[in-house]
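Chains as they are written, first to last, in my numbering: chain A, -18 to 288; chain B, 450 to 1024. Notes follow once the structure below has been shown.
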Amino acid sequence: MRVWLVSAAKFIAEFLILLAIFAAAGAFASNLDAPGPLPLALGLEREALVFWPLALALVTGLGMVTWRIAQRGRFRVLLSVCFLGFGLAALGTAARFNLLPPDLPVPPPLPAAGSTLSQGEGLVSVRALEGSQARRVAALDWRAPFPRLVWAPRAAFDPGKGGLSLGGATWSLVPAPPPRLGLTLPFLGEEPLPLPLDPSDSDSFVLSLALACAFVLLCAGLSVPSVAIRWPLAAFALSLLAILLAVLAEAWLGTEAAKTLLVRDSAALGLTLDPLWLVAALEAAVGILVAALGLLLSRRSAEEAGA
Amino acid sequence: MKPGSRVVLALLACNVSLFAFFFALALFGYSATDIIPRLALRWELAEAGLGFLAWYAPLQFIAAILAVSTLKGEVEGIVAGTAVPAIAISALVAAAALVGGPLLAREKQACEILSGRFTTSLEGFRRAVAAGDFAEAKVLHSLLTAIDPKDPRLVEPEKRLSALSIKDSRAKAERDVEAARDPAGAKAAWRRANEFFAKGDWYNAHWQATLAGRLDPALLVESTRLAGKAWEAMMDATGDTDLDLAGKAFFARKLEGYGLLRSEDFIGAFRIFDELAKSGHDKDAEVRRYLKESLAGVERTTFWRDEAIDASTEASLPRLFLRFSGDKPGTETILAARECAFTSGAAYLADLEYLEVRADDSARLLRARWAKVATGRLFLISADREDPGSVERPEALEIPAGAGIDRGRTAKAPASLDFRLSAGDLWNLAAAATVPASLPAFDALTTLARARDYGIPPVPLLDDLQRRSGVPFEAFGSTMLGVLVGLRFRRPKDDRRGPSLLALPFVALLTLLAFQGIARLDLLAATWCSRLFADTRALALSAGLRALFIAALIVLAVGATRADPDHAASPTRAE
Chain A
-18 MRVWLVSAAK FIAEFLILLA IFAAAGAFAS NLDAPGPLPL ALGLEREALV FWPLALALVT
42 GLGMVTWRIA QRGRFRVLLS VCFLGFGLAA LGTAARFNLL PPDLPVPPPL PAAGSTLSQG
102 EGLVSVRALE GSQARRVAAL DWRAPFPRLV WAPRAAFDPG KGGLSLGGAT WSLVPAPPPR
162 LGLTLPFLGE EPLPLPLDPS DSDSFVLSLA LACAFVLLCA GLSVPSVAIR WPLAAFALSL
222 LAILLAVLAE AWLGTEAAKT LLVRDSAALG LTLDPLWLVA ALEAAVGILV AALGLLLSRR
282 SAEEAGA
Chain B
450 MKPGSRVVLA LLACNVSLFA FFFALALFGY SATDIIPRLA LRWELAEAGL GFLAWYAPLQ
510 FIAAILAVST LKGEVEGIVA GTAVPAIAIS ALVAAAALVG GPLLAREKQA CEILSGRFTT
570 SLEGFRRAVA AGDFAEAKVL HSLLTAIDPK DPRLVEPEKR LSALSIKDSR AKAERDVEAA
630 RDPAGAKAAW RRANEFFAKG DWYNAHWQAT LAGRLDPALL VESTRLAGKA WEAMMDATGD
690 TDLDLAGKAF FARKLEGYGL LRSEDFIGAF RIFDELAKSG HDKDAEVRRY LKESLAGVER
750 TTFWRDEAID ASTEASLPRL FLRFSGDKPG TETILAAREC AFTSGAAYLA DLEYLEVRAD
810 DSARLLRARW AKVATGRLFL ISADREDPGS VERPEALEIP AGAGIDRGRT AKAPASLDFR
870 LSAGDLWNLA AAATVPASLP AFDALTTLAR ARDYGIPPVP LLDDLQRRSG VPFEAFGSTM
930 LGVLVGLRFR RPKDDRRGPS LLALPFVALL TLLAFQGIAR LDLLAATWCS RLFADTRALA
990 LSAGLRALFI AALIVLAVGA TRADPDHAAS PTRAE
């Protein structure tokens, strides 16, 4: 019992640490345009409520391996992981329904005065902005033949668009947006990470809770076969892959195309259910089925190792 | 094998093979059209080094995990045996990354800039030779030979350059005669010659008469006669009446040089005394003295262009733009140069535009093809050492208050002016704007504090400093976390089978994926800190966040090690 309690405490602590890391990353990414302690604090709260399913997926999936190291009995480990996973899913769903703050308005970037702004192969530098006038403006295009410096003590400035007219050319004083640093999957391009359990999917708490629990089952179930591997490091890596698979599957099942397909196929079987209930049922069924197969496989592997 | 030896061997093997991999990649990726053959090895080593520094941490992480996860024995024994060597190797790699990183970045940049310049100059050289533009071809040829004199692509155009040189000498002689024609100046010189002759000042009478004849051929007969009379009077006065024709010519030339020296035309004087010294009169005491004086004068006001060309083949940076306040309130200076080249004590600026704005918004704009910064001054006149007559002078425009450059009036340009920045300052500021990774850490930190004062956006430099300040965390974190993760996911004690080789690439790939995710997160936090403060406070904040992050990862990595039933039940001696 003591080992179980210690493992459960570690499970919850790991969930919280992962959640804090993801929330911090999300808050940093969403506050790059207007950084500040207050936007960061609000961002942390918001991102924690967005990222908890990902932290839950990791902790339940990897929990199969880490608990297995600490405790014997694969089925008991699966039950423990699912039990704690359901609890965290219920808490997360309830928090998301009651605490999700609105999106923070992002202020437009301010025109840069007193500094030099690169624009492609050129640059523009302004000492000060006074209403519709820019003071002491210098600009140059490096591709132009020498001499290339353009200078004027005053130049017309459009505060609305941030445009500056100088020497017959128009320069933009609005700094280029910072490079997008979203949370993306390494090596898989710049597409943002598909987050599981999109809060906009359902307005019903019960349905959301069912989806969250089904997702826990899917993650835990897909990770069970990895326990069959005797080398824990390889098992850990395999369970990471299983989690990735579960997250991608959940993201795909959330698309309209997948829902339409599910509704059509279930109608053919005579079932007329909300597509989200179908998604939950499918995820839970796949999770349980793979878990059962995994348990059989790991039992056989253990017997072979014993022999 | 002892746990420590195994970890050391794994880390060393990982680092050496990683460098070898990137070197092979650089060899494969090398293209003679991008990098000239003379610089190939330098570029490949720099490229391999930078590739190694970008990827060593995830690889060390994987190596440490694999090495430790296959160890058997007590946890305490493994930790005690692996911690010290892992920390030592991490310290070595972190130090190498911090010291070697800027050098490698600088080396790679230099190779790319030089190769790019060689390619564009070679095209320009071929065009200039084809168009018969000897002056342009000569400048480009000196640049090309300074970069790589042995490049086979130079052979063919060089042959055509020699032919062009002969043709140009003839044309130049004709042009010189035409350019020297100045009847008004000749009349004035003729009047002064007569006045000096009447006063008995034979030296100056001879000099002015010769000048008058050169400026207007119509006065040639009379001026030659007067110069001859002055010459004879001079000979009588000095007692040297038995000079032969060569001696007379030498004396006349020396006299001409002396006149130029006294009128502060140091380049003209140097040109004559240099020519005399090279034609066998280098032992003449007066030639030596005046050559030294004229050279000192040249160096006070002028610089040699070949210095700039030589410097640009060693260390140069493109596109410098500075904007800084002047000493008096309301005044400021804007400096733009297409390229800066550096030697230990000087900086050379190509295509310089230097605008001094006064408090009332009037300004003076100076333009120079070449300029030199040394000893607290900005020199604007340059000359060709081989052809001192070929002088590049600056042009100046006086811009009235409230007007733009197009309304500027031509003004007298100074030969040099006071300049507050040293060559080292210029290097730091130029590198901060273009290649911040090439600045040593201390220079980068001091430049960060003053970048804004010189109109340089601090963000690229700060981003680079953030990356560098992450190096110790990266080096130690990757190794220590690797050891801890390896410990947590060790093979069971009773497992007699070795680790599956099939699982290895898979484990490595997923670990790499996880590491890249962590690196991405670190980048996000560092960028957020830089956007919040944009100065050194951002470095302190991100260091704090990194420490927290590593602590969180350590807690995650340590996990259930203690409760491990397969290992803790009957501990055995570490292998």
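From the three backbone atoms N, C-alpha and C, an ideal C-beta is built for every residue, glycine too. Keep in mind the model is a prediction, meaning the values are calculated, not measured.
* Simplified DSSP state of residue 721 (chain B), which is helix, strand or coil -> For the purposes of this step, residue 721 (chain B) is identified with residue 272 of the second sequence, where counting begins at 1. If DSSP states are grouped into helix, strand and coil, residue 721 (chain B) belongs with the helices.
* Asked: Given a limit of 8 Å on CB to CB distance, which residues of the region 121 to 146 of chain A reach chain B?
  -> 121, 123, 127, 128, 129, 130, 131, 132, 133, 134, 135
* Where the beta strand (DSSP E) through residue 107 (chain A) begins and ends -> Translated into the one-based positions of the first sequence, residue 107 (chain A) becomes position 126. Where residue 107 (chain A) is concerned, the enclosing beta strand (DSSP E) stretches over 103 to 111.
* residue 676 (chain B) and residue 642 (chain B) closer than 9 Å at C-beta -> Reading the second sequence from its first residue, position 227 is the one you call residue 676 (chain B). Reading the second sequence from its first residue, position 193 is the one you call residue 642 (chain B). Yes, these two residues count as a Cβ contact at 9 Å.
* For residue 452 (chain B), which residues from the same chain have a beta carbon less than 6 Å from its beta carbon, with the 5 sequence-adjacent residues on both sides left out? -> Numbered from its first residue, the second sequence carries residue 452 (chain B) at position 3. For residue 452 (chain B), where only same-chain residues beyond five positions count, the Cβ hits under 6 Å are 520, 527, 530, 531, 1023.
* Is the region 867 to 880 of chain B close to the region 892 to 899 of chain B, with three or more CB pairs under 8 Å? -> yes
* **Segment limits, alpha helix (DSSP H) that includes residue 218 (chain A)** => Taking the first residue of the first sequence as position 1, residue 218 (chain A) is located at position 237. Start and end: 213 to 234.
* Asked: Taking contact to mean at least 3 C-beta pairs separated by less than 8 Å, is the region 61 to 69 of chain A in contact with the region 188 to 206 of chain A?
  -> yes
* **Opening and closing residue of the alpha helix (DSSP H) in which residue 883 (chain B) lies** => Position 434 of the second sequence holds residue 883 (chain B). That run of the alpha helix (DSSP H) goes 872 to 883.
* Could you tell me which chain A residues have their CB closer than 7 Å to the CB of residue 938 (chain B), listed as they occur along the chain? => Sequence index remark: in the second sequence, residue 938 (chain B) carries index 489 (1-based). Chain A residues near residue 938 (chain B): 213, 214, 217.
* Asked: Hey, does residue 252 (chain A) have any beta-carbon neighbour from chain B nearer than 9 Å?
  -> Translated into the one-based positions of the first sequence, residue 252 (chain A) becomes position 271. Taking Cβ atoms only, chain B never reaches closer than 9 Å to residue 252 (chain A), which makes this a no.
* Contacts of residue 800 (chain B) in chain A (Cβ-Cβ under 9 Å) -> Counted from its first residue, the second sequence places residue 800 (chain B) at position 351. Within chain A, the residues near residue 800 (chain B) are 127, 128, 129.
* Could you run through the region 15 to 47 of chain A and flag, in chain order, every residue whose CB is less than 8 Å away from some CB of chain B? => 16, 17, 21, 46, 47
* Can you tell me whether DSSP reads residue 868 (chain B) as helix, strand or coil? -> Position 419 of the second sequence holds residue 868 (chain B). Three-state result, residue 868 (chain B): coil.
* Three-state secondary structure (DSSP) of residue 807 (chain B) -> The count along the second sequence starts at 1 and reaches residue 807 (chain B) at position 358. Here residue 807 (chain B) sits in coil by DSSP.
* To do: Kindly indicate if chain A contains any beta-carbon less than 9 Å away from that of residue 524 (chain B).
  => For the purposes of this step, residue 524 (chain B) is taken as residue 75 along the second sequence, with counting starting at 1. Residue 524 (chain B) does not count as touching chain A.
* Residues of its chain near residue 260 (chain A), where Cβ-Cβ distance is below 6 Å and the 5 sequence neighbours each way are ignored -> As a first step, residue 260 (chain A) must be located in the first sequence, where it is residue number 279. Counting only Cβ-Cβ distances below 6 Å, and skipping sequence neighbours, we find 234.
* **Where residue 406 (chain B) sits in the DSSP three-state scheme** => Only positions 450 to 1024 of chain B appear in this structure, which leaves residue 406 (chain B) out of reach.
* Under 8 Å Cβ-Cβ, which residues of chain B neighbour residue 117 (chain A)? -> By 1-based counting over the first sequence, the position of residue 117 (chain A) is 136. Ordered by position in chain B, the residues that pass the 8 Å Cβ test against residue 117 (chain A) are 781, 806, 810.
* To do: Report, in whole angstroms, the separation of the C-beta atoms of residue 586 (chain B) and residue 574 (chain B), which I expect to be a contact under 8 Å.
  => As a position in the second sequence, residue 586 (chain B) is number 137, starting the count at 1. As a position in the second sequence, residue 574 (chain B) is number 125, starting the count at 1. So it is a contact: roughly 6 Å between Cβ atoms.
* Taking only beta-carbon positions, decide if residue 108 (chain A) is within less than 9 Å of chain B. => As a working mapping, residue 108 (chain A) is identified with position 127 in the first sequence. Judged by the 9 Å Cβ criterion, residue 108 (chain A) is in contact with chain B.
* Take residue 764 (chain B) as the anchor and find which of B:725, B:970, B:556 has the nearest alpha-carbon. => Translated into positions along the second sequence, residue 764 (chain B) becomes position 315. Nearest C-alpha to residue 764 (chain B): B:556.
* Asked: Relative to chain D, which residues along the region 491 to 523 of chain B have a C-beta separation below 8 Å, given in chain order?
  -> Included in the structure are the protein chains A and B, with no chain D among them.
* **Close beta carbons around residue 216 (chain A), own chain, < 7 Å, minus the five adjacent residues each side** => As a working mapping, residue 216 (chain A) is identified with position 235 in the first sequence. Only 46, 207, 208, 210 meet the Cβ criterion.
* To do: Less than 8 Å between the CB atoms is what I'm expecting for residue 919 (chain B) and residue 514 (chain B), so what's the real figure, rounded?
  => For the purposes of this step, residue 919 (chain B) is taken as residue 470 along the second sequence, with counting starting at 1. For the purposes of this step, residue 514 (chain B) is taken as residue 65 along the second sequence, with counting starting at 1. Rounded, the Cβ-Cβ distance is 20 Å, inconsistent with contact.
* Can the beta-carbon of residue 973 (chain B) be found less than 9 Å from the beta-carbon of residue 9 (chain A)? -> Indexing the second sequence from 1 puts residue 973 (chain B) at position 524. Indexing the first sequence from 1 puts residue 9 (chain A) at position 28. Cβ atoms of residue 973 (chain B) and residue 9 (chain A): closer than 9 Å.
* Asked: Interface residues of chain A around residue 928 (chain B) at Cβ under 9 Å?
  -> For the purposes of this step, residue 928 (chain B) is taken as the residue at position 479 of the second sequence. Those within 9 Å of residue 928 (chain B) in chain A number zero; the least Cβ separation is about 16 Å.
* **One or two residues paired with residue 789 (chain B) in a DSSP bridge** => Translated into the one-based positions of the second sequence, residue 789 (chain B) becomes position 340. Paired residue(s): B:766, B:798.
* To do: Please classify residue 910 (chain B): does DSSP put it in a helix, a strand, or coil?
  => For the purposes of this step, residue 910 (chain B) is taken as the residue at position 461 of the second sequence. Three-state result, residue 910 (chain B): helix.
* Asked: Smallest Cα separation from residue 747 (chain B): which of B:728, B:757, B:717, B:769?
  -> Against the second sequence, residue 747 (chain B) aligns to sequence position 298. Comparing Cα positions, the closest option is B:717.
* Proximity of residue 771 (chain B) and residue 897 (chain B) at Cβ, strictly below 9 Å -> What you label residue 771 (chain B) is simply residue 322 of the second sequence in a count that begins at 1. What you label residue 897 (chain B) is simply residue 448 of the second sequence in a count that begins at 1. It is not a contact, given that the beta carbons lie outside the stated cut-off.
* Asked: Below 9 Å between beta carbons: does that hold for residue 900 (chain B) and residue 796 (chain B)?
  -> Working through the second sequence from its first residue, we reach residue 900 (chain B) at position 451. Working through the second sequence from its first residue, we reach residue 796 (chain B) at position 347. Against a cut-off of 9 Å, the Cβ pair of residue 796 (chain B) and residue 900 (chain B) comes out as no contact.
* To do: Decide if residue 712 (chain B) is buried, meaning its Cβ has at least 16 other Cβ atoms within 10 Å, or exposed.
  => Stepping through the second sequence from its first residue, residue 712 (chain B) is reached at position 263. The residue is exposed, with fewer than 16 neighbouring Cβ atoms inside 10 Å.
* To do: Pair every Cβ in the region 55 to 63 of chain A with every Cβ in the region 216 to 232 of chain A, then say whether three or more of these pairs are closer than 8 Å.
  => no
* By the criterion of Cβ-Cβ separation under 9 Å, what are the contact partners of residue 854 (chain B) in chain A? -> Here residue 854 (chain B) is taken as the residue at index 405 of the second sequence, counted from 1. Those within 9 Å of residue 854 (chain B) in chain A are 128, 130, 131, 132, 133, 148.
* Asked: Count the other CB atoms within 10 Å of the CB of residue 483 (chain B); is the residue buried (16 or more) or exposed (fewer)?
  -> Along the second sequence, read from residue 1 onward, the residue named residue 483 (chain B) stands at position 34. It is exposed - the Cβ of residue 483 (chain B) has fewer than 16 other Cβ atoms within 10 Å.
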